[in-house]
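Everything on this sheet refers to the single structure shown next.
Chains as they are written, first to last, in this note's numbering: chain G, 80 to 704; chain B, 3 to 321.
This is the structure in structure tokens:
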């Protein structure tokens, strides 16, 4: 790994900030994700960041470790060996609704998140933040060119033994069905149904299965992100027989609908009742999982309930919507709890419409510079956040490094320079002539932060020295999404897309490539097109990172073309010391643990265990599976 | 009397129709529906309209509002309160599952509420302008002024701080399964709910008692040489109880609607928490059905209270 590719945290830590300082200045969350991630907080991982497995094509073994830049990532690895046994108890914070038991047809994320405990993917992210890919159902693979992928499927994967599956072996035919069904968008009886990832799988033009353990996919166009998509949290491979059996009634939850191949089996999956996972005795990964199982109790709608449950050790980890409350609990129990800071996948954006009011790119550059990202982080998130460029800092393998980012407009730590840039650009482009500029705020944001309609105009008016900014309420589903394609969308500020993958190439291309149907700002920059095209077909990690970073620089020079990414905030959680969660860096020496920022539920079986000899384990409520 | 009751019953039907219509249209005014919530994360700028439309079709949410209203009223008329979009269970079944829990907590709250308010109201009046009166009035004013969640949080913090006992948040203990666990779980919500619910009754009862005590018939009773205790209990309290009865009736009715705040705070799976979660999920059939059931209990309780009025005060005539 080159120095440029060193871990995002490492770079900053080494050069400027203490680790604690860095962690204070960074963050992430996402209620749904946090709900699952809470119990998925785990012990140390070596944290080495490389995705050369993709190019080398030898699966886990090829996930090379580079000691060069991993000081922070490898710092304080837990010296304790995981111990098997015990059951953990997690908690949903908020209303997770499972819209389908069919992972192919589920549009909401909860089903995908749950499936990561039960099912496997063809490949998986061994480090979800940096993009290090390892084998999962495939033990190795070859990529002769970016349009041909050959996977060698493990011979020791068996479906959970149920009357539906008979405990048969998983073969390449299962993977073939998994891809073909989603591409076709058809149920077994031939009827059409919406499939969330149909477009992606339609990019596979032919699938061959020369034998039970080999599958070859040929793509319509070279795509270096193919492997990453197969590793995404929503790419779990379900059982064909069970899926087809429940096709007609795919909205009624049933544990029979998801026979396992993975670490856990589903003992109970019913609406409005506890979700119970049990250790899968047939899991193909030796020694995993460490837990006998775990339970997600009924929804806790009130933080008071989860706080009481946590402080009395009825659940093992806790995150209050108010980070200061979590902090207070941690401080009161500093000898028996540890802190974990995890980036929130919901990226905070400012979207300006370049088809209408902001046609002049200088105007969006001015807005990009004027927006006080750090003030927003202080105002809305108690300082728990870190500024993001076009690729968020959560995707640390591909993001511009912090040292570079803080030299660019809108990201400087000295505000005066940004303000001068903003005012000059605004004046030069005739910003005053725009009249009222309405920055609309979706109701989903105004729920937790109702005063945003005052904060945003005040900040922008002060920054620009004008009085023309105002702010009103809007909705995603009524005002924004229906008007994206026709270019009539409002200017708006809120969370928008979720960060679901460490590899941002497809998203960058989707947003900024001139031929993309989702290029709602009608960006047409041949240099950016060329970089994104080259990055997309690259199967070389370092090359794809460099190309992506070059594209980001051009995007930033143009004020992010109105898609002004601002920051990602941080979720703070507390865990009892006995609970070794799904953390990339375990808490140690009084330092907080650093969580995986991108969904890492698939690593829970490897990382999560209970230290029943830890003094904090005393008095823990018994968990009966 | 029977004619009065019949008339009130008919009026109650109109009230229930009004409530049903109100809750139906009000819930449909809320942004979003269950299909949208189920399918879309709201934060992704992806067009999931096809999936949302399919979900709406399956749930019947794609029908015009008037058609859904007609269906809803027709079903309600046959006591069919609909089926939960989320769980697929009928509203009756969902309510039936949670009503015992709500009654369990509600009964305790009512007991504490009345056990506190009646003696305090009476003693405060009897000991008017003494230090006991000041103390009890202070207590009742504090109870009125303190929101139920505030009392509950304070008590919870004390329990956590001194590790007094385990509040079984996840185990769902009941008195019929785990009496000790249930007692610990319900202690704080019972006291918080009892104080908050009883504080108003304390003050009302005190003022009523003082007003009654100034009446001529009380003076007459005393002039007849009756013992002071007899005057208070037999002559004053019965008359002072009339307005208090109305408040008590509503308190009992509220028990059925559940203690939304307390049930949520302590993860008690009762009717109140059910109502709240259904509303958040936009799972309207059970929400609307539950509101209707609660409305039925309230109007019926009011009728019963009115009838009891007549029994307590023969001067009241039902016309």
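Every residue, glycine too, gets a C-beta built ideally from N, C-alpha and C. Only a predicted model underlies this, so the values are computations on that prediction, with no experimental measurement involved.
Straight-line measurement puts the Cα of residue 247(G) at about 43 Å from the Cα of residue 417(G).
By the beta-carbon neighbour count (other beta carbons within 10 angstroms, threshold 16), residue 56(B) is buried. Taking a Cβ-Cβ threshold of 8 Å, the residues of chain B close to residue 384(G) are 171, 266, 267, 268 and 269, in chain order.
Closest option to residue 311(G), judged by alpha-carbon separation, among 449(G), 385(G) and 203(G): 203(G). Proximity of chain B to residue 394(G) at the Cβ level (cut-off 9 Å) is accounted for by 171 and 172, in chain order. Against chain B, the CB of residue 371(G) has no partner CB under 8 Å away; the residue lies outside that interface. In the DSSP assignment, residue 287(G) is bridged to 295(G). If you ignore the 5 residues before and after residue 177(B), its C-beta comes within less than 7 Å of the C-beta of 106 and 184, all in its own chain and listed in chain order. Here residue 73(B) carries a helix assignment [DSSP, helix/strand/coil]. In chain G, no part has a C-beta under 8 Å from the C-beta of residue 62(B); the shortest such distance is about 13 Å. Per DSSP, reduced to three states, the secondary structure at residue 657(G) is coil, with no helix or strand assignment. Residue 60(B) sits exposed, since fewer than 16 C-beta atoms from the chains shown fall within 10 Å of its C-beta.
Within the model, the alpha-carbon separation for residue 153(B) versus residue 683(G) is close to 39 Å. The beta carbon of residue 21(B) sits closer than 6 Å to those of 297, all from its chain and outside the five residues before and after it, given in chain order. A Cβ of chain B is located within less than 8 Å of the beta carbon of residue 390(G). In the DSSP assignment, residue 221(G) is bridged to 229(G).
The straight-line gap separating the alpha-carbon atoms of residue 480(G) and residue 492(G) is approximately 15 Å. Excluding five sequence positions before and after residue 341(G), the CB atoms of its chain that fall closer than 6 Å to its own CB belong to 197, 198 and 199, given in chain order. Any Cβ of chain G closer than 8 Å to the Cβ of residue 283(B) would place that residue at the interface, and such an atom is present.
When the beta-carbon positions are compared, residue 255(B) and residue 97(B) stay at least 8 Å from each other. The beta-carbon of residue 180(B) is placed no less than 8 Å from the nearest beta-carbon of chain G. If you look at residue 149(B), you'll find it isn't in any beta strand (DSSP E); DSSP assigns it neither H nor E. Comparing alpha-carbon positions, the option among 615(G), 331(G) and 359(G) lying closest to residue 303(G) turns out to be 615(G). With 16 or more other CB atoms across the displayed protein chains lying within 10 angstroms of its CB, residue 216(G) is buried. The straight-line gap separating the alpha-carbon atoms of residue 242(G) and residue 278(B) is approximately 39 Å. Looking at the DSSP output, residue 574(G) bridges to 427(G). Judged by beta-carbon spacing, residue 421(G) lies within the 8 Å limit of residue 676(G), meaning their Cβ atoms are closer than that value. Fully contained in the segment 468-529 of chain G are the following alpha helix (DSSP H) runs of length 4 or more, in chain order: 481-484, 494-507 and 522-525. Linking residue 77(B) to residue 83(B) through their CA atoms gives a straight-line distance of about 7 Å. When only Cα atoms are considered, residue 250(G) and residue 294(G) end up about 9 Å apart. Residue 451(G) is positioned such that its CB atom lies closer than 8 Å to that of residue 494(G). Shown here for residue 175(B): same chain residues with a beta carbon closer than 7 Å to its own, the five before and five after excluded, namely 183, 184 and 187 in chain order. In this structure residue 490(G) is buried. Its beta-carbon is surrounded by 16 or more other beta-carbon atoms within 10 angstroms.
At a Cβ-Cβ threshold of 8 Å, residue 374(G) and residue 653(G) do not count as neighbours. Taking a C-beta cut-off of 8 Å against chain G, none of the residues of the segment 97-121 of chain B qualify.
For the pair residue 115(B) and residue 157(B), the Cα-to-Cα distance works out to about 17 Å.
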